[in-house]
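*Asks:* Protein chains in written order, with the numbering used here: chain A, 1 to 124; chain B, 1 to 124.
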DNA sequence: CCCATATTGATAATGATTTATCACTCTTGT
DNA sequence: ACAAGAGTGATAAATCATTATCAATATGGG
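Given below as structure tokens:
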């Protein structure tokens, strides 16, 4: 059966406690604070298991490797800091955007990403 | 100095005449109608040159390889057909979205991608 | 406590996209 | 028309993120 290991606990904790989507590398970094020897392979394995069980979802961003966040959040979008590369969660949404599509097209969903600087980075 | 070859003409024409962003593979396909022996390496080389000279811009999409479109268009967004994978240009924009970002963040730009089915694909 | 085995970590392998190489070809100034 | 050298095509090689491998380790039911 599935076992509860320190590694998995640390990875779950990282995703639960970070209030923003994390890349595999960021998850590794966070979780290593609890489990120093943690390897990247275990991070990927665990992410995949969590996505498969539905408790975590992938956040895809233009030209970037996927980030991961806890599932079950309401519809929202993301902010990508162009300075540090961190991705943050935004709340709110402009609403239905299907008026943007020409006749013949059918819009089913949308993704919005805002870019700029986060509070920790020089306003550039 | 820079030479005007059939290959470059065909690649520029493909990008100019397609009224949507093209992937390197799509550019190859289109341009080969004019220059049958065209190789993918030339497509990449030419794309890079065109981007560098500023006449073409990359269109990055979540979880996808970049597409390329002519530069100089006014602010717009894109539609990604989930059935055929083609990317289309949309006109219009919900406008300023900086109200979405929390205090301390500074939004400089945004990207919006709509997903759904294009006129050529089954509404699925 | 013990052992079957799920899990891990290090690293090799993969897959997909993009770039470098190099001999040959085509463009262009003269 | 000619020659210098920019450009091309085929393909090897480089990236880079992700996955597979496998010996060693740690979990947890009995």
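For each residue, glycine too, the CB sits at the ideal point set by N, CA and C.
(1) Can you grab the Cα-Cα spacing for the pair residue 96 (chain A) / residue 3 (chain B), in whole Å?
(2) With C-beta atoms as the reference, is residue 129 (chain A) less than 7 Å away from residue 104 (chain B)?
(3) Who does residue 101 (chain A) pair with in a DSSP beta bridge?
(4) Between residue 36 (chain A) and the rest of its own chain, which residues show a CB-CB distance below 7 Å, the 5 nearest in sequence each way excluded?
(5) Just to make sure I have the definition right: I need the residues of chain A whose C-beta is within less than 9 Å of the C-beta of residue 60 (chain B). Which are they?
(6) How would you call residue 5 (chain B), buried or exposed, if buried means at least 16 neighbouring beta carbons within 10 angstroms?
(7) Along the segment 92-121 of chain A, where does the CB come closer than 7 Å to a CB of chain B? Name the residues.
(8) Between which two residues does the beta strand (DSSP E) holding residue 56 (chain A) run?
(9) How would you list, in chain order, the residues of chain A whose beta-carbon sits under 8 Å from the beta-carbon of residue 77 (chain B)?
(10) By Cβ distance, which residues of its chain are closer than 8 Å to residue 113 (chain A), with the 5 residues on each side in sequence left out?
(11) Measuring alpha carbon to alpha carbon, tell me which of A:10, A:19, A:71, A:66 ends up nearest residue 42 (chain A).
(12) Tell me whether residue 82 (chain A) is buried or exposed, calling it buried when 16 or more other Cβ atoms sit within 10 Å of its Cβ.
(13) For residue 46 (chain B) and residue 69 (chain B), what's the separation of their Cα atoms in angstroms?
(14) Hey, how far is the Cα of residue 23 (chain A) from the Cα of residue 66 (chain A)?
*Replies:* Here's the rundown:
(1) 48 Å
(2) Absent from the structure is residue 129 (chain A), since the part of chain A shown begins at 1 and ends at 124.
(3) Beta-bridge annotation (DSSP): residue 101 (chain A) is not paired with any residue.
(4) none
(5) Per Cβ cutoff of 9 Å: 61, 62, 63, 64.
(6) Residue burial annotation: residue 5 (chain B) is exposed, with fewer than 16 other C-beta atoms found within 10 angstroms of its C-beta.
(7) 92, 94, 97, 100, 101, 104, 105, 106, 107, 108, 109, 110, 111, 112, 113, 114, 115, 116, 117, 118, 119
(8) 56-59
(9) 100
(10) 61, 62, 77, 78, 79, 80
(11) A:10
(12) exposed
(13) 13 Å
(14) Each residue's CA atom was taken as its position, placing residue 23 (chain A) and residue 66 (chain A) some 6 Å apart.
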